[in-house]
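Under this note's numbering, the first residue of the first sequence is numbered 874, with each subsequent residue one higher. All residues carry an ideal CB built from backbone N, CA and C; glycine is no exception. Bear in mind the structure is a predicted one, so any value in this text is a computation, not a measurement.
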Amino acid sequence: MIKFYNTKSRKREEFIPIDEGKVGLYTCGPTVYDFAHIGNFRAYIFEDLLRRFLSLSGFEVYHIMNITDIDDKTIRRSIEENRSLQDFTDEYVKSFHEDVETLRLLPAHEYPRATEFIPQMLDMVGQLEEKGFTYTTQDGSVFFKISEFDNYGSLAKLDPDQLRSGERVENDEYGKEEGRDFALWKGHKDSESNVSWESPWGNGRPGWHLECSAMSTHYLGNHFDIHCGGVDNIFPHHENEIAQSCAATGEEFVNYWLHNEHLLVESQKMSKSEGNFYTLRQLLEMGYSPESLRYTLISTHYRQKLNFTFDKIKSSQKCVNKLRELKRRALLIDIDAEGRDVEKLSSDMLGKFQEKLGDDLNISGALGELFVWVNDIFSQLDNNEVSVSGAGSILSTLNTVDLVLCVINDTCNDEPSEEIDALIIARNDARANRDWSKADEIRDKLDALGVVLEDTQGGTIWKRK
RNA sequence: GGCGUCGUAGCCAAGUGGUAAGGCACCGGUUUGCAAAACCGCUAUUCACCAGUUCGAGUCUGGUCGACGCCUCCA
């Protein structure tokens, strides 16, 4: 049985898809006004884990991730840089896809961009207007009137009457009737340059919430299985999506809402003013490997705040190295030996591994099971108790685990380096001549480059620290 | 004011009534030219604190203290 914690009910619920064997998954993607930061990727990695686990469990997943290429920030920055909105956002869409590849996230099946869905959004505004959920203001904006929608606040567990008009409310910016109403369509403002589309309500541009309703239903139908995002999206974004979608279609919208907690950097909230704001690119430049970052982000339960520290990245690299070392050792087995039944140990472990993940993606529990097995196997390897077929079983087990973790196998391996190879050869020459001080000198040099050596029977290999 | 989350070893962390998984780090041993990696062994009488329920509580109930999030466009 697979269970997920559903924000809608605040409980773990058994997962039952609408169509047996298939899952419609919508995840809130990036707003492309800058490089994505490590906190953004926490969300995308959680979604990647979810998707990979569902696939491993035999579901056929159809995954849509939106790209917000029109909002206050994209408009403002493109104007600042004196570029067209499209030209400006294209750059960050491209970098986003590069980052997705670096972190080995499974690409979504579609990445719809808000600006490509203006007609569908306007259709939805039309439906809402027809049903009496909207009003227009003098500047040509269209608002959703939440007092017309009975269940408003059901996801965030907020009572609309209790909502405080906080400091963040720009109350009369668009002349709305009540502070809590939200914009479906925003009338054109001069400050937004030529960013504007025609509509039955005059020129303007879509409100933020509308794109996700329009694009998710376009690809997944009015009623689909899972919608994910960061906890900050629960309110107002997802609450508003529910209101719009259910009001427009008259149907149920999403069955399971899954939200990930935020990431802290060295126990502090990540912010530019604190100077602890890291993009993936910056961390790679600092010398951290993609797999260590992936492991760091994936190995803490998604509903737990993740305290992102450099110690944790180093610890993650060690864990990854250990798994890779096990694979390397298994590949070296070429003689038959009598030992305990690796096959059974492995299949038992995989069973528990999947069972833990099926419990609301309990990754810590799953990794616990994995490492109990890893230790057991290492011990058998050291005692020469693993046969050729046992080794095969170890390798296939690691491959299965890596379908989810995606940190062991090749594509994100360290790039070959002629410099490193040359130094290793020089050191081995020195060792052959029993010139230990020279050999150690070269090893120290490599250490300074973040490279650790291991002299094995099969030759010298290297890893990242 | 409203809604909600969390507090388990030096650090990370599993554990939804039965006597504390796992990872990193540390220490001792095997191994190694020395290392590294791996192995063997050691590392929480205790789960923020207090009270209660129970044969039995990290797990349930009440309270206290502490950290944090959301309450209109931030993953």
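Check                                                                                                                  : Outcome
Rounded separation between V1259 and R1201 - CA only                                                                   : 14 Å
Exposure label - A1239; buried when at least 16 CB within 10 Å                                                         : buried
Residue ranges of each beta strand (DSSP E) within the region 981-1039, 3 or longer                                    : 1007-1009 and 1015-1017
Reference T1010, options P890, A1029, G1212 and D1054, closest by Cα                                                   : D1054
Residues near D1308 by beta carbon distance below 8 Å, same chain, minus five either side                              : none
Alpha-carbon spacing of Q1177 relative to G912, whole angstroms                                                        : 13 Å
Limits of the unbroken beta strand (DSSP E) element including N1133                                                    : V1127 to N1133
Whole-number beta carbon distance between L898 and D1098, since they are thought to touch under 8 Å                    : 7 Å
Sequence-distant residues of its chain with Cβ nearer than 7 Å to L979 (five each side left out)                       : D921, R924 and R925
Host alpha helix (DSSP H) of P1109 (start-end)                                                                         : Here P1109 belongs to no alpha helix (DSSP H), and DSSP marks it neither H nor E.
Span of the beta strand (DSSP E), counted from its first residue to its last, around I948                              : From DSSP, I948 is part of no beta strand (DSSP E) but of the alpha helix (DSSP H) over D945 to E953.
Sub-8 Å separation of T1329 and N1301 beta-carbons                                                                     : no
As assigned by DSSP and simplified to three states, the class of W848                                                  : The question about residue 848 has no answer, for the chain in this structure spans 874 to 1338.
Cα-Cα separation, S1339 to N1235                                                                                       : There is no way to answer for residue 1339, as the model of the chain reaches only from 874 to 1338.
Unbroken stretches of the alpha helix (DSSP H), 4 residues or longer, contained in the region 1190-1230                : none
Ranges of the alpha helix (DSSP H) found wholly within the region 1054-1102, counting only runs of at least 4          : 1081-1093
Environment of L1276 [buried if 16+ CB atoms lie within 10 Å]                                                          : exposed
DSSP three-state assignment for T962, whether helix, strand or coil                                                    : helix
Exposure of R1213, with buried meaning 16 or more beta-carbon neighbours within 10 Å                                   : exposed
T900 - containing beta strand (DSSP E), residue span                                                                   : K895 to T900
Straight-line gap, I855 to P903 (C-alpha atoms, nearest Å)                                                             : With the chain covering only 874 through 1338, there is no way to say anything about residue 855.
Straight-line gap, E1043 to K876 (C-alpha atoms, nearest Å)                                                            : The predicted model places E1043 with a pLDDT of 45, which falls under 50 and marks its position as unreliable; any figure quoted below should be read in that light. In a straight line, the C-alpha of E1043 is about 40 Å away from that of K876.
Neighbourhood of C1279 by C-beta distance below 6 Å, restricted to the same chain and skipping five residues each side : R977
Integer Cβ distance of I1019 from A1121, believed to fall under 8 Å                                                    : 14 Å between Cβ atoms; not a contact.
Burial state of E1040, where buried means 16 or more other Cβ atoms lie within 10 Å                                    : No answer about E1040 holds up, because its pLDDT of 39 lies below 50 and its placement is not dependable.
For E983, the nearest candidate out of G1052, M1088 and R883 (CA to CA)                                                : M1088
Residue ranges of each beta strand (DSSP E) within the region 1163-1193, 3 or longer                                   : 1179-1181
Residue from L1205, D1232, D1233 and G1123 whose Cα sits closest to the Cα of G1005                                    : G1123
Reference C1119; option with closest CA among E1228, Q1000, I1186 and Q1155                                            : Q1000
Beta carbon of F969 nearer than 8 Å to that of E1084                                                                   : no
Euclidean distance between Cα positions of H910 and K1185                                                              : 17 Å
Coil, strand or helix - N1306 by DSSP                                                                                  : coil
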